[in-house]
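The structure appears right after this line, and notes come after that.
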Amino acid sequence: MFLVSEEFLTTAHGVLGCITCHGGENASVKEEAHSGMLAYPSTDFERTCGDCHGNVTSLYKESIHYNLHGMEHGLQEFTNLSSLSDSPEHYEVFEEDCFKCHATCGDCHVSRPKNYTPGLIDEHMFFDTPPMDQTCYGCHNARNAGEYMGNIGFGSDVHYDMGMTCMDCHPVSNFHGASEPTYNMWDEELPSCLDCHSDKHHEEATDVNHTIHGDSLSCQVCHAQANNNCFECHLDFNAEGTHLQSSSESRIMFKIGYNPEITEERPYTYVVLRHVPTQETMLEVVGDDMLPNYHDKANWKYSPTHNIQKSTFQNESCASCHDNTRIWLTENDIRDTDSEANYRLIPALPPPLS
Amino acid sequence: MNNKKFIIGLVVAVVLAGVALAIHYNVVQPDGPLLPDVSQGDEEIPWDFESIDSSYCIDCHTSEAVIAASTYNEDNPPAEDTGG
Numbered sequence: 300m301f302l303v304s305e306e307f308l309t310t311a312h313g314v315l316g317c318i319t320c321h322g323g324e325n326a327s328v329k330e331e332a333h334s335g336m337l338a339y340p341s342t343d344f345e346r347t348c349g350d351c352h353g354n355v356t357s358l359y360k361e362s363i364h365y366n367l368h369g370m371e372h373g374l375q376e377f378t379n380l381s382s383l384s385d386s387p388e389h390y391e392v393f394e395e396d397c398f399k400c401h402a403t404c405g406d407c408h409v410s411r412p413k414n415y416t417p418g419l420i421d422e423h424m425f426f427d428t429p430p431m432d433q434t435c436y437g438c439h440n441a442r443n444a445g446e447y448m449g450n451i452g453f454g455s456d457v458h459y460d461m462g463m464t465c466m467d468c469h470p471v472s473n474f475h476g477a478s479e480p481t482y483n484m485w486d487e488e489l490p491s492c493l494d495c496h497s498d499k500h501h502e503e504a505t506d507v508n509h510t511i512h513g514d515s516l517s518c519q520v521c522h523a524q525a526n527n528n529c530f531e532c533h534l535d536f537n538a539e540g541t542h543l544q545s546s547s548e549s550r551i552m553f554k555i556g557y558n559p560e561i562t563e564e565r566p567y568t569y570v571v572l573r574h575v576p577t578q579e580t581m582l583e584v585v586g587d588d589m590l591p592n593y594h595d596k597a598n599w600k601y602s603p604t605h606n607i608q609k610s611t612f613q614n615e616s617c618a619s620c621h622d623n624t625r626i627w628l629t630e631n632d633i634r635d636t637d638s639e640a641n642y643r644l645i646p647a648l649p650p651p652l653s
Numbered sequence: 468m469n470n471k472k473f474i475i476g477l478v479v480a481v482v483l484a485g486v487a488l489a490i491h492y493n494v495v496q497p498d499g500p501l502l503p504d505v506s507q508g509d510e511e512i513p514w515d516f517e518s519i520d521s522s523y524c525i526d527c528h529t530s531e532a533v534i535a536a537s538t539y540n541e542d543n544p545p546a547e548d549t550g551g
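Dropping the structure here:
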């Protein structure tokens, strides 16, 4: 598991000596050698990595990969709390379940994420650009990374098929943090399809497919495949009763609805939606009425689904979308356990062609 | 006589070398590194590191047999896959 290659010992990090980062003692007896040792030195990244990489570590506490602000604020919005730390029960949920995805430098550049599978990526070699399939996928496997690589849903993403990785589109600030704190991932400088495909912007395009709908459709409405949706999420203690863990029911579906939040970057009227793992009673194991604002927020969310293909079943013809009522969110898709806010996202169906 | 010429030549060579270095670091490349880059493995190492002797750690952690016999996995099981 923690086998270190001879090759690593000749690298810039290797010549430092194990103890420089991990602490412990240079002793022949294991217990003495491991005394005071830090298995994951980057949990204290400002002291360890920061000595040489201060330009990165000085920003990292603002990264949502570090502080998990997205999950924290997502949970907080279901409550009346100004901060999750105001409620021991909510804070316990965040710390024990959400915070499993908290990452520091080593979780991407040296080892696999701890919540995925333990162990080093390659015998302690450091990766300037982490390998997507062993790092990003470790945390994002059930949705965007799994769909991108074709392990969830139907086919993979055409960009993956062409050899592109997460880092080819996402700027480094999405991982290392930017100078300003972000509320959640939507505050980040996110990539856009138009960054590369500017000729497909509805004001630039010369083909009718990309002009006829103006900016009313997100790219995914025509080019994404079905995505993974989670329902009936529930938090419970593990079998040993020692830790909280969540579970939910997954379904591969494709649903178009109204854009939950129209912004300058995402002005579309219709977008692909994804049901996120929430229900009103999901936290009842730790307390009653934990989500008092549950019905103010939809649990069908805007989905920048990451399994893009040029040709999809819904863009095969005009009728395959306009006459296909199965792909539009309807009242039948709203479950008893869902938020009432979802009804706002049920779109008027497009005019039938036949 | 020859010895004297040799010593004078040596002094001149040292002075010239000093002048050349002074010109290089003060005029040609005033912001340049004081130490040359050294390449080890695939990485550029821009300076000399203070290395802490970790020879005992290395003896065990580069040994497949020692690591295979480790019980770390049983003692420190990974968290459940969050399915994120």
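As given, the protein sequences belong to chains Y and P, one line each in that order. Numbers given in the numbering used here equal positions in the first sequence, counted from 1, plus 299. Numbers given in the numbering used here equal positions in the second sequence, counted from 1, plus 467. Ideal Cβ positions, reconstructed from N, Cα and C, are used throughout, including at glycine.
Per DSSP, the bridge partner or partners of residue i
{"i": "asparagine 528 of chain Y", "result": "Y/Arg550"}
{"i": "tryptophan 599 of chain Y", "result": "Y/His574"}
{"i": "isoleucine 363 of chain Y", "result": "In the DSSP output, where bridge partners are listed per residue, isoleucine 363 of chain Y has none listed."}
{"i": "isoleucine 607 of chain Y", "result": "Y/Ala523"}
{"i": "tyrosine 567 of chain Y", "result": "BP columns for tyrosine 567 of chain Y are empty, so no partner."}
{"i": "histidine 533 of chain Y", "result": "Y/Ser546"}
{"i": "tryptophan 627 of chain Y", "result": "Y/Ile555"}
{"i": "leucine 419 of chain Y", "result": "Y/Ser410"}
{"i": "leucine 516 of chain Y", "result": "Y/Tyr569"}
Interface flag, residue i vs chain P, CB-CB below 8 Å
{"i": "leucine 315 of chain Y", "result": "yes"}
{"i": "asparagine 325 of chain Y", "result": "yes"}
{"i": "glutamate 305 of chain Y", "result": "yes"}
{"i": "threonine 403 of chain Y", "result": "no"}
{"i": "phenylalanine 301 of chain Y", "result": "yes"}
{"i": "threonine 604 of chain Y", "result": "no"}
{"i": "isoleucine 363 of chain Y", "result": "no"}
{"i": "leucine 308 of chain Y", "result": "yes"}
{"i": "isoleucine 551 of chain Y", "result": "no"}
{"i": "isoleucine 626 of chain Y", "result": "no"}
{"i": "threonine 319 of chain Y", "result": "yes"}
{"i": "alanine 523 of chain Y", "result": "no"}
Beta-carbon proximity check, residue i vs residue j, cutoff 8 Å
{"i": "isoleucine 607 of chain Y", "j": "alanine 523 of chain Y", "result": "yes"}
{"i": "cysteine 532 of chain Y", "j": "threonine 577 of chain Y", "result": "yes"}
{"i": "isoleucine 534 of chain P", "j": "leucine 419 of chain Y", "result": "no"}
{"i": "aspartate 406 of chain Y", "j": "glutamine 544 of chain Y", "result": "no"}
{"i": "leucine 572 of chain Y", "j": "tyrosine 601 of chain Y", "result": "yes"}
{"i": "alanine 402 of chain Y", "j": "proline 412 of chain Y", "result": "yes"}
{"i": "asparagine 508 of chain Y", "j": "isoleucine 451 of chain Y", "result": "no"}
{"i": "glutamate 376 of chain Y", "j": "lysine 596 of chain Y", "result": "yes"}
{"i": "phenylalanine 393 of chain Y", "j": "leucine 383 of chain Y", "result": "yes"}
{"i": "valine 585 of chain Y", "j": "glutamate 391 of chain Y", "result": "yes"}
{"i": "serine 546 of chain Y", "j": "asparagine 598 of chain Y", "result": "no"}
{"i": "leucine 648 of chain Y", "j": "tryptophan 627 of chain Y", "result": "yes"}
{"i": "isoleucine 525 of chain P", "j": "cysteine 320 of chain Y", "result": "no"}
{"i": "threonine 309 of chain Y", "j": "leucine 590 of chain Y", "result": "no"}
{"i": "phenylalanine 426 of chain Y", "j": "histidine 408 of chain Y", "result": "yes"}
{"i": "histidine 496 of chain Y", "j": "threonine 510 of chain Y", "result": "no"}
{"i": "tyrosine 567 of chain Y", "j": "aspartate 514 of chain Y", "result": "yes"}
With 16 other Cβ atoms within 10 Å as the buried cut-off, status of residue i
{"i": "threonine 428 of chain Y", "result": "exposed"}
{"i": "asparagine 537 of chain Y", "result": "exposed"}
{"i": "glutamate 371 of chain Y", "result": "buried"}
{"i": "histidine 605 of chain Y", "result": "buried"}
{"i": "glycine 462 of chain Y", "result": "exposed"}
{"i": "glycine 476 of chain Y", "result": "buried"}
{"i": "glutamate 456 of chain Y", "result": "The residue you asked about is not glutamate; residue 456 of chain Y is aspartate in the sequence shown. Counting Cβ neighbours within 10 Å, aspartate 456 of chain Y comes out buried, since at least 16 surround it."}
{"i": "valine 479 of chain P", "result": "exposed"}
{"i": "proline 340 of chain Y", "result": "buried"}
{"i": "lysine 609 of chain Y", "result": "exposed"}
{"i": "glycine 335 of chain Y", "result": "exposed"}
{"i": "leucine 477 of chain P", "result": "exposed"}
{"i": "glutamate 345 of chain Y", "result": "exposed"}
{"i": "threonine 541 of chain Y", "result": "exposed"}
{"i": "threonine 481 of chain Y", "result": "buried"}
Any chain Y beta carbon closer than 8 Å to residue i
{"i": "isoleucine 474 of chain P", "result": "no"}
{"i": "proline 500 of chain P", "result": "Reliability fails at proline 500 of chain P, whose pLDDT of 42 lies under 50, so the model's placement of it is uncertain and the value that follows must be treated cautiously. Answer no: the Cβ-Cβ gap between proline 500 of chain P and chain Y never drops below 8 Å."}
{"i": "isoleucine 490 of chain P", "result": "no"}
Near the ligand MG: residue i beta-carbon under 7 Å from a heavy atom
{"i": "aspartate 350 of chain Y", "result": "Summarising the ligand content, the structure contains no ligands, and the ligand MG is consequently not present."}
Problem - Residues within the segment 521 to 541 of chain P neighbouring chain Y, beta-carbon criterion of under 7 Å - result: Listed in sequence order: Ser521, Ser522, Tyr523, Cys524, Ile525, His528, Thr529, Glu531, Ile534, Ser537, Tyr539, Asn540.
Handout entry: Residues within the segment 555 to 569 of chain Y neighbouring chain P, beta-carbon criterion of under 7 Å
Key = Cβ contacts with chain P come from no residue of the segment 555 to 569 of chain Y.
Practice task
Anything in the segment 405 to 438 of chain Y with a Cβ closer than 7 Å to a Cβ of chain P? List those residues in chain order, please.
Solution key: Within the segment 405 to 438 of chain Y, the qualifying residues are Lys413, Asn414, Tyr415, Thr416, Pro417, Cys438.
Problem - Contacting positions in the segment 329 to 355 of chain Y - beta carbon closer than 7 Å to chain P - result: Hits within the stretch, in order: Ala332.
Problem - Residues in the segment 630 to 649 of chain Y having any Cβ partner in chain P nearer than 8 Å - result: Taking 8 Å as the Cβ-Cβ cut-off against chain P, none of the residues of the segment 630 to 649 of chain Y qualify.
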